[in-house]
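Undergrad: Quick one: the structure is below, questions incoming.
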Amino acid sequence: MKKVISCFPLLFMLILACFPTGCSESGKQDIVATGREQSSWPIFRGDRNLSGAATGTLPVSPRLLWSRDTGAKIVSSPVTDGETVFVGAKDGKVRALDLRDGSIRWVFDSGDDIEASPLLLDRTIYIGNLSGDFFAIDANSGKLRWRSETGANIMGSANWTVDPETGVKNVLVGSYDARMYCFGAHDGELKWSCETGYYINGAPAAGEGAIVFGGCDRMLHIVSAADGVKRGAVDTGSYIAGSAALVEGRAYIGNYEGKLLCVDIDGQNIVWEYEDRENPGEFVSSPAVGDARVYIGSRNHSLHCIDRETGRRVWEFVTRDEVDGSPVIVGGRVVFGSTDGRLYIVDCETGTESWSHEIGAPILGSPAVVTGMVVVGAADGRVYAFGEGK
Numbered sequence: 001m002k003k004v005i006s007c008f009p010l011l012f013m014l015i016l017a018c019f020p021t022g023c024s025e026s027g028k029q030d031i032v033a034t035g036r037e038q039s040s041w042p043i044f045r046g047d048r049n050l051s052g053a054a055t056g057t058l059p060v061s062p063r064l065l066w067s068r069d070t071g072a073k074i075v076s077s078p079v080t081d082g083e084t085v086f087v088g089a090k091d092g093k094v095r096a097l098d099l100r101d102g103s104i105r106w107v108f109d110s111g112d113d114i115e116a117s118p119l120l121l122d123r124t125i126y127i128g129n130l131s132g133d134f135f136a137i138d139a140n141s142g143k144l145r146w147r148s149e150t151g152a153n154i155m156g157s158a159n160w161t162v163d164p165e166t167g168v169k170n171v172l173v174g175s176y177d178a179r180m181y182c183f184g185a186h187d188g189e190l191k192w193s194c195e196t197g198y199y200i201n202g203a204p205a206a207g208e209g210a211i212v213f214g215g216c217d218r219m220l221h222i223v224s225a226a227d228g229v230k231r232g233a234v235d236t237g238s239y240i241a242g243s244a245a246l247v248e249g250r251a252y253i254g255n256y257e258g259k260l261l262c263v264d265i266d267g268q269n270i271v272w273e274y275e276d277r278e279n280p281g282e283f284v285s286s287p288a289v290g291d292a293r294v295y296i297g298s299r300n301h302s303l304h305c306i307d308r309e310t311g312r313r314v315w316e317f318v319t320r321d322e323v324d325g326s327p328v329i330v331g332g333r334v335v336f337g338s339t340d341g342r343l344y345i346v347d348c349e350t351g352t353e354s355w356s357h358e359i360g361a362p363i364l365g366s367p368a369v370v371t372g373m374v375v376v377g378a379a380d381g382r383v384y385a386f387g388e389g390k
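First residue of the sequence shown: 1, per this note's numbering; consecutive thereafter.
Structure below.
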């Protein structure tokens, strides 16, 4: 029997207004997403730190360039090398789509439902399914390179690291068997596994020789990337369904108690906690971290903007349903989807809507942002691409 992604019962609310509140504590603006265009989005959240920040800009009013029907519900977040989009679906298949027009390049059948997002590394797609199988697939041909096993569902994206002694790349993935696994990227050989106290839903964030991830044991785990030895853990107080962002020695993570925490990795202490006490809701979304602010979706039907230094609310943007999907910062704006069936772009500074598109089906994953385009999957089984164009 399949286990669902949730670790706790859902909280259902109905909010029909849209308004920004609060003000910035630091006075700084998020300038992280400017500069050259993002040329690829190879991993869930865009980089190994899982920061959720993209360079470049998006059109003021993106247009729907294409949509492709896969025939199966999409929970997985797409990745792309700038030419091909890779995405998993609930029919157990991984599809490679042409970024220009959405045409199908290849299809790989994993044999069971896929909710995890792919990792693209060295022309190989790494992805797990709900049987606990973990695959390495040739990104050019869609042919299997190797397959390894974990003991239960794989719900989250893989990440990668480099062995400090050999320089060899390894891939990391968590499982519902309560273990984080490290496999050789080339051959799938098990390098190490690290046991935790309960299911692991999210992806591990990697940086500075450590990997950081949460789980349904309430703990934010800090593990050596080289050998899987535990460096420490911080109790967040409730189940963790999303992934942590690891930026400049601090991890940002939301939990089922409706708290967003900033954790100092070296000191293994909580720097600040944020929660919406007036209108609480679980955080299933993974945060996006900008220069001055942190953005995260909530099941209280809102996207929250929090001052990165103080943990105080800057503004809150209210949608018509839950925000389980994870936001992406780009060009001074933040793009995200909601289960109300809309894809939104909101101004980072003011929290006001600058654009939205009604897809008509829940958006549960994170967008991929590349070369001025947004690519996202939806529960109607379609992949959508937005950008500048006719």
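From the three backbone atoms N, C-alpha and C, an ideal C-beta is built for every residue, glycine too. Here the structure is a predicted model, which is why all the values come from computation and not from measurement.
(1) Using 10 angstroms around the beta-carbon of R123, count the other beta-carbons present and answer buried if the total reaches 16, otherwise exposed.
(2) Can you list, in chain order, the residues of its chain whose CB lies under 7 Å from that of R404, leaving out five sequence neighbours each side?
(3) Give me, in chain order, the residues of the same chain whose beta-carbon lies closer than 6 Å to that of Q268; leave out the 5 immediate sequence neighbours on both sides.
(4) Let me check understanding here. Comparing Cα to Cα, which of G207, G202, A206 lies closest to D217?
(5) Return yes when the Cβ of G311 is within less than 7 Å of the Cβ of W355, no when it is not.
(6) Count the CB pairs spanning the segment 330-339 and the segment 360-372 that are closer than 8 Å, and state whether there are at least three.
(7) Helix, strand or coil: which one does DSSP assign to D112?
(8) For R63, name the three-state secondary structure that DSSP assigns.
(9) Run the CB neighbour count on I104, radius 10 Å, all protein chains shown included, and call it buried at 16 or more, exposed below.
(10) Do Y176 and S193 have their C-beta atoms closer together than 7 Å?
(11) How big is the Cα-Cα spacing for L190 and F134?
(12) Are the CB atoms of G381 and K73 nearer to each other than 7 Å?
(13) From L246 to T352, what distance separates their C-alpha atoms?
(14) So what's K143 in DSSP terms, helix, strand or just coil?
(15) When the Cβ atoms of the segment 63-79 are set against those of the segment 93-104, are three or more pairs found closer than 8 Å?
(16) Name the DSSP beta bridge partners of R293, please?
(17) Counting only the same chain and skipping the five closest in sequence on each side, list residues whose C-beta sits under 6 Å from that of V212.
(18) Flag this pair as yes or no: are the beta carbons of A116 and G132 separated by less than 7 Å?
(19) So the candidates are F44, N153, L172; which of them puts its Cα closest to the Cα of V162?
(20) Closest to I43 by CA distance: which of V369, G389, F386 is it?
(21) According to DSSP, which residues form a beta bridge with C194?
TA: So, from the data block:
(1) Working through the sequence shown from its first residue, we reach residue 123 at position 123. Label assigned to R123: exposed.
(2) Since the first residue shown for the chain is 1 and the last is 390, residue 404 is missing from the structure and cannot be characterised.
(3) In the sequence shown, residue 268 corresponds to position 268, counting from 1. Excluding residues within five positions, the ones whose Cβ falls inside 6 Å are G232, V234.
(4) Translated into the one-based positions of the sequence shown, residue 217 becomes position 217. Closest by alpha carbon: G202.
(5) Position 355 of the sequence shown, counted from the start, is the residue given in the question as residue 355. Position 311 of the sequence shown, counted from the start, is the residue given in the question as residue 311. Against a cut-off of 7 Å, the Cβ pair of G311 and W355 comes out as no contact.
(6) yes
(7) Along the sequence shown, one-based indexing puts residue 112 at 112. DSSP places D112 in coil when its eight states are reduced to three.
(8) Locating residue 63 in the sequence shown gives position 63, counting from the first residue. R63: strand per DSSP, three-state reduction.
(9) The count along the sequence shown starts at 1 and reaches residue 104 at position 104. Exposed is the call here.
(10) Against the sequence shown, residue 176 aligns to sequence position 176. Against the sequence shown, residue 193 aligns to sequence position 193. Taking 7 Å as the Cβ cut-off, Y176 and S193 do not qualify as a contacting pair.
(11) On the sequence shown, residue 190 is found 190 positions in, with the first residue counted as 1. On the sequence shown, residue 134 is found 134 positions in, with the first residue counted as 1. Cα to Cα, the separation comes out at about 12 Å.
(12) Working through the sequence shown from its first residue, we reach residue 381 at position 381. Working through the sequence shown from its first residue, we reach residue 73 at position 73. Yes. Within cutoff.
(13) Within the sequence shown, numbered from 1, the residue matching residue 246 stands at position 246. Within the sequence shown, numbered from 1, the residue matching residue 352 stands at position 352. Going by the C-alpha atoms only, they are around 27 Å apart.
(14) By one-based count along the sequence shown, residue 143 stands at place 143. Coil, per DSSP.
(15) yes
(16) Within the sequence shown, numbered from 1, the residue matching residue 293 stands at position 293. For R293, which the question treats as bridged, DSSP gives the partners D307.
(17) Position 212 of the sequence shown, counted from the start, is the residue given in the question as residue 212. So the qualifying residues of the chain are A205, I222, A244, L246, A251.
(18) Taking the sequence shown and counting its residues from 1, one reaches residue 116 at position 116. Taking the sequence shown and counting its residues from 1, one reaches residue 132 at position 132. No, the pair does not count as a contact, with Cβ atoms beyond the cut-off.
(19) To locate residue 162, count along the sequence shown from 1; it is residue 162. Residue L172 is the option with its Cα nearest to V162.
(20) To locate residue 43, count along the sequence shown from 1; it is residue 43. Per the Cα distances, V369.
(21) One-based indexing of the sequence shown puts residue 194 at position 194. M180, per the DSSP bridge assignment.
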